[in-house]
Each structure stands twice: as structure tokens, then as C-alpha cells.
Amino acid sequence: MVSAPERFKRVSGMKTEELLREFTGRKAAGVFSAYVPFEIYHSAGYHPVYLFTWGCDSGLAAEYLPGFCCFPGRNLVEHALAGELSRLSCIVFSATCDTVQSIYDILKVILPDIPVHYLKIPALLSREIAMEYLEAEIDQLIRKSGNIEKISLRRSISLYNEKRRLTARLNRIAWEITPTDYYAIIKAGMILPVEEYNLTLSSFLREIEELNKKVSPSSSIRLVIAGSHFGEENIFRIIEESGMLVVGEFLDGLTLFRRGEVDEENEPLSALARFIFNQVATATKVNFCNRREDYLVDLVREGEADGVILLRRKFCDPYGFDAVLLTTRLEEEGVPYLIIEVDEPGYSGQIKTRVEAFLEMLEIGR
Amino acid sequence: MMDDYYALRSGENTERPVAYVTSGAPVEILEALGITTIYPENYGALCGARRASTPLCEIAESKGYPDDLCSYAKGHLAASMKPEKAPLGGLPPPDFLLCCNNICQTVVKWYQALSDYYGCPLFIVDVPFLNPKEKPEPVYLYLKSQFEELVPEIERIAQTRLNREYLSEVIYLSGQALSLWTEIRSMGRFKPSPVNVPDLFMAMAPIVVMRGKNQAVSFYSEMLDELKRRVTNGTAAVPGERFRLLWDNIAIWPQLLPLYRLFAERDGCFVVDTYTNSWSMNFGSEDDPFEGMAKVYSKAFINLDFQTRLEIIKCLARDYEVTGVVMHANRSCKPFSLCQPLLHRLLNKDLGLPCLILEADMSDTRAFNVNATKERLSAFMEIVEIISES
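Here the protein sequences line up with chains V and E, keeping their order. Quick note: the first sequence, position 103, residue 103 per my numbering, numbers continuous. Just so we're on the same page, my numbering is the position in the second sequence counted from 1, plus 1000.
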């Protein structure tokens, strides 16, 4: 019998093609950007799976993209050209940044046999007229994804709400597990069928909560990790090797929705739109009511974190601006931070050295 | 003309309220409400052309903005923080900001940063990405609702009510300028072309910053007359024109004249481009002014899906009898640049057009390598010559 963390780790370490081979029973919908409600595809009979980055540049994408495209964009095009997305029944994008829009355009040309969907998310997520527009857009997406009955959509919403409740429980005890386990569990939630994920995570949480296996809070430096994420597992490994704990994550590509649940009593379409609106915006959007810097500071306070590691994506305008926004606020609050520029994933000695220097600084600060 | 424009927007000469607006914003509403508008993107081009952008970018980088971020945004943010180091002493501080994301998503974050810096209100006109082949009506409706919501906000700042008749007059003037601009651009169809794209780049400021004003209409009427005279007299923009080129993307402002001179020396004239095409629009004859504006502003060239843009470029290439395409892979403008390698393939395959991709930046000189560019340009023009003569 494989333990829950082992199962999560195995799945989170699989590349998309391997995953799709493992879950051959259902057609798969590959999701590339934030804000896509997995519930829609689940209720239409798909297995929604997030398309994390995998491997390094082989140069294949260079024929289709300039060098100043971010790694996740290059990586997806590379996998598409290599035929590694051919098992997908559809690919879903949402309007987040200019790069995502371009990658959507490119994939439509290079993968003519796979339907490519695009959910238009308003840029400003705090006004009612935008919500009405989003409702219409979600309705379009539902029509594109197949014939969905309301009862089926409600069932899927309920399952994903359950997943959100479990993840919230996990986040409360994040510091009791190793950073790489924590990462693997969160990442697996974007990949595994929701039924299996809920079952496995639920039993794992029961075990942990029963054992009450606590790591002494005073013995280790506590971190929040934030920024742009598309598969930077090695950052978590480096943190773990440095002896620090992750007490919270604010990684946009790792968790798509952070606040609350979809209202199961309400009409599903407007409930989904309202749910998206109540979220903390990703770096690509603006939400005057739920500001990102406030969320990050709350996360630091709730987790009693000593500092923040901020992942800034290379060639990414939204996260370039976001890093200044977040760090300005962290400085005002007196929270130490370290910015790590991320491009191709990989174990970097230079990053390890910087993380260790940050650790020393935090220890002195204590 | 632009000196006068900026003179009226400096220090105490500035009539308030002042709004910073993006180049594709529905400025007619502001114009009709008597708001003084300022375009940070135009200022970015000015900084680029004066080769002042790079030191400004370095100031922004020292404040934490990464080196791969949009150079217009960085240059302007630095000019706001350190006006004493910026051309024209920077721009007057805004009373509010109007950001329209029909040109890119980066402007949303740029304007959010400005709003935080100046502590002033930010209004966002959100224009979803448009594929005209899919039902565009929901996008038009969404935009119309936004205009209706925007008006009372601006009225409150302007302390006056919007006169809808005056708005229609402003839209009429704006439409006239856009029509004249479209006609000016179409003069490149003549052989030899009376206009070279760098001329358009130098003359485009009024269509960006003076839409809805009489000055823009007068200026472009005169320019059109001059181009017509040139056609009558057979005056070529590039004497001895042999090769007719299409330019894709924003200009490389710091290299504007030296770069195009290199093509002109090889008898290459840029008869058409995609960048100034963004202002070739028509308000139509909608009864509801917001309806017309919604249609125009959602169809900004760069807000369209790739297939639509490809078709537009193919039409331009055919109509202007283009013999080669030069694409500026602009590190600061991803929506214009990321699909260029694909565009290159398809133009080559479908129309047999030779294409050159030049990697640079619209205003930051650090991204431009003069010698490498010269070498690639020479090789490209040789190919254009061989293909043109075969």
C-alpha cells in the first residue's frame, strides 16, 4: 500500500504525457492558466489536469517563439510540438496575460485537431458589470465543453468545494509536514482526479491530526512562498534542505482559487462567477476589494512566518510589477523577503546559496 | 505642434483636471468633458527617440523593476519618480488615470503602479480579446456598459455634465482624423510610394494624442494634400524605390532614422506597417455614440486573434504589393511580438514573402546591436532582391 505522501509525490513528479497514460479511462482537459473552474470540465466528463512545466528547453519552441517568452509558454509549445499533448481532448486557457493569449493563438495553429478553449476573465475583478460579462463567458465555456446538466455541475461543484475544505485544513498544518510533501500534495490537487484526491488527502489529514506530530515552531525558520509558479519544485527542496518550513503558499499557478467556496445553494453559473470574483486576484488582474499585498501580509501573520520567498518569473510583466507591489508592502510591515528570479526549473547552486544566506539573516533577526 | 502640445502640459501651464490615458483609450469621453489628457506611451516614444529611455529604465530597475519589463512603463515610472532626470522635466502629475487594455495587459499593471504612486483614482476600461468570427456582441455590450459607468465618475472629477451632442461632435472630429490617417496610410499603395513608414511614425503623434481635436484634422488634411502632390509629381519617398517592404510592430525609436536609412540605401521603402494600422478605424454611423466607440475600440489591431491579424497582414501585403517583411521582435511588447515566428512561417509559406526578424526594443537601446543588425539586414535585402528579380 502506497502512503498518501508517496502517492502525491509520485503523481506530482509525472510529466503530462505519463499522467494522461495513467488516467486513460476519461478524456482529459488540459488547463494552462488561472481562473478556469475545473468543475465545468469535470461535470462534462473530463479529467481536468493542470499543465505544469516539465523538463528544460530543447530548442524546439524557438522556431515558434522569441527568446523573451517566459518559460511556461515556451515549455507548453515545446510539448505541443513534441506530440506530448496529443492525448488531451481539449486545452483550456483563460485571459490572464499577453503571453497566454499568444500561446493560445499558437496552439490553435500547431494543434489543429485538439479543441482549444479560452475563458475571457475581466481585467478588473471588482465591479458588477464585469461579473455579468463573466457569467456570459462561463456559459459559453460550458457550451463548448459539452452537454452539461445542472445536477452534474452541482455535483462537481460540491466535490471541488470538498477539496477546498481539505486544502484549507492542510494549509493550517502545513508547518507540520516537510516542504516537499506540502508542495507535492498541493500540486497533486491540480492533477489527480478530484475523487481520488479528496479521499487520499482526507485520510492523510486524519492521520496527521491524530498523530499531532508537531515540529517545534521555535526550532525552524518559517516561510511563506509567493509569486509565479509553474512547477518550481526545486525551490521547495532547497528550502527543506536548508531546514526551513513552509507555512503558507501564495503561488498563483499552484492554487487557482484561494477564498471560500462556490455557493451550492445558488444557481451554478452565477455562483461560479461570484466565486471567481471573490478571489484574491492573480498578478495579472486587479481587484480593488481583495488586494494581493493584503492577502500576503495576512498569510505571513497567520503563519507566524519569519520571511517571504518571492518567485519572480523572468520575462513576465505582471509578476515584474507585482514583485514591487508586494515587496513595498512587506517593507512597510517589516517582513524580510528574498526575490528569486525563476526561468527554467532546475536545481541551482546559486539559488541554494542565496536561500541559505537568507536563512542566516532570518536567524540573526530572531 | 507637439512642442505646443507638451508646453500646454508642463508645470503651471497645465489645465486641470489631468488624466493619464493609454493610447487606445476611448478618449472622446474625456475630451468632451474638458479633461487635459496626457499619454505616457507617447512620452515613452519621445524618451526613446531622444535616447533618454535607457537611463530612466536603469532608475526603475534600481527601484526593483526587472530589466525585462516593458521599457515604456519603466521609463515613465522613473520619470514620475525622478522628473529632474527626465526629458521635459517629466509629466505633470495626474488627477486620475484611464487605462484601456485593448493594446496589452501590461498597461493594467503599469497604471496600477501609477495609481499607487500618485494616490489617484484608476479607471479601467476592460476590452476582452476579440475574435470577430465568434459572436462579438457580448464584448460590445460589456464595453458600452463600462462607458456608461465611466461617465458619471469622470463628470464628478470634471465637475460638469457630459453634453451628448458635444460628445457626438468630438466623435465626428475623431472620426475625421481617423479617416484622414487611413487615407494617408493608403498612399503607400502608389508606385513609387510617396511615403515611407518612418514618415508615418514621425507623423503619428496627433492621431494618438489629439483625437477629437481640430488640430489633428488640420494637420492630417495638410499632410494628405502634400502626399497627393507628391503622387502627382511622381516624388518617391525613397528615390529609386525597388523593394516594397512591410514593417511589423512598434518603431525602434532610438534608431528611427539610421535604421530606415540602411534600407533606403538599398532601395527599400517601407510602404506599409502594422503599428500605425492600429489607428485606421471607422466609427461608423451608429446612433448611439457608445455603440460606435465599443466597436472601434474593441477592434484595435493588437486586440484581435492571430488568424484575423494574419489575414489583415496578408491583405496589406497584397494591396501594397509588398516584396519583403521586416518584423521588430520587440522585447517590450509581447502581444505584437510573440506570434512573429509563426507569422514569419505563414507569410513565407502562403505568400512566398521573405521575412526578417530583428530583435530590439522600442525605446531601450541596450537591446539593439547595430553591427549584428547591419549584417542581417544586408543578407535579407540580398534575398529580397533575388526573389524580386526571379
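From the three backbone atoms N, C-alpha and C, an ideal C-beta is built for every residue, glycine too.
In terms of alpha-carbon separation, which member of V/Pro345, V/Glu333, V/Asp317 and V/Leu338 lies closest to glutamate 360 of chain V? Considering only alpha carbons, the answer is V/Leu338.
Can you tell me whether proline 1152 of chain E is buried or exposed? The criterion is at least 16 other CB atoms within 10 Å of its CB, across all chains shown. Counting Cβ neighbours within 10 Å, proline 1152 of chain E comes out exposed, since fewer than 16 surround it.
Determine the burial state of threonine 1160 of chain E: buried for a count of at least 16 other Cβ atoms within 10 Å of its Cβ, exposed for fewer. Here threonine 1160 of chain E is exposed, its C-beta having fewer than 16 other C-beta atoms within 10 Å.
Keeping to the same chain, check which residues put their C-beta closer than 6 Å to that of aspartate 1248 of chain E; ignore five residues upstream and five downstream. Excluding residues up to 5 positions away in sequence, Thr1274 and Met1327 lie with their Cβ nearer than 6 Å to the Cβ of aspartate 1248 of chain E in the same chain.
What residues of chain E sit near arginine 312 of chain V, judged by a beta carbon separation below 9 Å? Those within 9 Å of arginine 312 of chain V in chain E are Pro1066.
To the nearest angstrom, report how far apart alanine 174 of chain V and arginine 87 of chain V are at their CA atoms. Approximately 34 Å, taken between the alpha carbons.
Contact belief for proline 1087 of chain E with cysteine 1057 of chain E at Cβ below 8 Å, rounded distance in angstroms: Contact annotation, proline 1087 of chain E with cysteine 1057 of chain E: C-beta distance approximately 13 Å; criterion of less than 8 Å not satisfied.
Quick one, are the C-beta atoms of glutamate 233 of chain V and tyrosine 183 of chain V less than 8 Å apart? Cβ atoms of glutamate 233 of chain V and tyrosine 183 of chain V: closer than 8 Å.
Keeping to the same chain, check which residues put their C-beta closer than 6 Å to that of proline 1354 of chain E; ignore five residues upstream and five downstream. Here the set comprises Gly1324, Ile1383, Val1384 and Ile1387.
At what residue ranges does the segment 1009–1072 of chain E contain a whole run of the alpha helix (DSSP H), taking only runs of 4 or more? The alpha helix (DSSP H) runs of length 4 or more contained entirely in the segment 1009–1072 of chain E are, from start to end of the chain, 1027–1032, 1040–1049 and 1053–1062.
8 Å Cβ cutoff met for isoleucine 40 of chain V and isoleucine 142 of chain V: Cβ distance < 8 Å, so isoleucine 40 of chain V and isoleucine 142 of chain V count as in contact.
By Cβ distance below 8 Å, which residues in the same chain neighbour serine 202 of chain V in space, the five residues on each side in sequence not counted? Excluding residues within five positions, the ones whose Cβ falls inside 8 Å are Leu166.
Starting from alanine 273 of chain V, find everything on chain E with Cβ-Cβ shorter than 8 Å and list it in chain order. Within 8 Å Cβ-Cβ: nothing; alanine 273 of chain V doesn't reach chain E, min ~13 Å.
Alanine 357 of chain V classed as buried or exposed, judged by whether at least 16 other C-beta atoms fall within 10 angstroms: With fewer than 16 other Cβ atoms within 10 Å, it is exposed.
Shorter than 8 Å from the beta carbon of tyrosine 337 of chain V to some beta carbon of chain E? Not an interface residue.
Beta-carbon gap between tyrosine 64 of chain V and valine 49 of chain V smaller than 8 Å: Cβ distance not < 8 Å, so tyrosine 64 of chain V and valine 49 of chain V don't count as in contact.
Can you tell me which of V/His47, V/Pro72, V/Pro179 and V/Arg274 puts its alpha carbon nearest to the alpha carbon of tryptophan 54 of chain V? Closest by alpha carbon: V/Pro72.
Pull out every residue of the segment 319–345 of chain V whose Cβ sits closer than 9 Å to any Cβ of chain E, in chain order. Look at the segment 319–345 of chain V: the residues with a C-beta under 9 Å from a C-beta of chain E are Tyr319, Gly320, Phe321, Asp322, Ala323, Val324, Leu325, Thr327, Thr328, Ile339 and Glu341.
Looking only at DSSP bridge pairs, what is aspartate 1273 of chain E linked to? Answer by DSSP bridge pairing, in chain order: E/Trp1247.
Taking leucine 1342 of chain E as the query, report the chain V residues whose CB atoms sit under 7 Å from its CB, ordered along the chain. Result: Tyr64, Ile106 and Val109.
Tell whether a beta-carbon distance below 8 Å holds between aspartate 1267 of chain E and valine 1238 of chain E. Their beta carbons are under 8 Å apart, which means aspartate 1267 of chain E touches valine 1238 of chain E by this criterion.
Taking a Cβ distance cut-off of 9 Å, strictly less, list which residues of the segment 1239–1265 of chain E are near chain V, in chain order. Of all residues in the segment 1239–1265 of chain E, none has a Cβ within less than 9 Å of some Cβ in chain V.
Measuring CA to CA, which of E/Pro1121, E/Tyr1297, E/Leu1351 and E/Phe1290 is closest to isoleucine 1313 of chain E? Of the listed residues, the one whose Cα sits closest to isoleucine 1313 of chain E is E/Leu1351.
Taking a contact to mean a Cβ-Cβ separation below 8 Å, would you say lysine 15 of chain V touches tyrosine 46 of chain V in this structure? No, Cβ-Cβ distance for lysine 15 of chain V and tyrosine 46 of chain V is not below 8 Å.
Please say whether leucine 1338 of chain E and proline 66 of chain V have beta carbons closer to each other than 8 Å? Their beta carbons are under 8 Å apart, which means proline 66 of chain V touches leucine 1338 of chain E by this criterion.
So alanine 1396 of chain E and isoleucine 1035 of chain E are supposed to be a Cβ contact under 8 Å. How far apart are they, rounded? With chain E covering 1001 to 1390 only, the question about residue 1396 of chain E has no answer from this structure.
Please name the residues in the segment 262–288 of chain V whose beta-carbon is closer than 7 Å to at least one beta-carbon of chain E, in chain order. Against chain E - using a Cβ distance shorter than 7 Å - the residues of the segment 262–288 of chain V are Thr284 and Val286.
Please confirm whether tyrosine 1297 of chain E and valine 1127 of chain E have their CB atoms less than 8 Å apart. Yes. Within cutoff.
What do you reckon, are the CB atoms on proline 1335 of chain E and aspartate 98 of chain V nearer than 8 Å? The answer is yes: Cβ separation under 8 Å.
Note down the Cα distance separating glycine 1188 of chain E from proline 1092 of chain E, rounded to an integer number of angstroms. Distance between the alpha carbons of glycine 1188 of chain E and proline 1092 of chain E is about 37 Å.
Where leucine 1069 of chain E meets chain V, residues with beta-carbon distance less than 8 Å: Per Cβ cutoff of 8 Å: Asp317, Gly320 and Phe321.
Using only CA atoms, which one of V/Ile151, V/Val31 and V/Met131 lies nearest to tyrosine 1142 of chain E? Residue V/Met131 is the option with its Cα nearest to tyrosine 1142 of chain E.
When DSSP builds the beta bridges, which residues end up paired with serine 94 of chain V? Under DSSP, the beta-bridge partners assigned to serine 94 of chain V are V/Leu119.
Below-8 Å beta-carbon distance, aspartate 1305 of chain E vs any chain V residue: Among the residues facing chain V, aspartate 1305 of chain E is included, as its CB has a counterpart in that chain under 8 Å away.
Isoleucine 129 of chain V: contacting residues in chain E (beta-carbon distance under 8 Å): Near isoleucine 129 of chain V (Cβ distances below 8 Å), the residues of chain E are Tyr1142, Ser1145, Gln1146 and Glu1149.
Rounded Cβ spacing between glycine 248 of chain V and asparagine 171 of chain V (contact assumed at less than 8 Å): At roughly 6 Å, the Cβ-Cβ gap stays under 8 Å, so glycine 248 of chain V and asparagine 171 of chain V are in contact.
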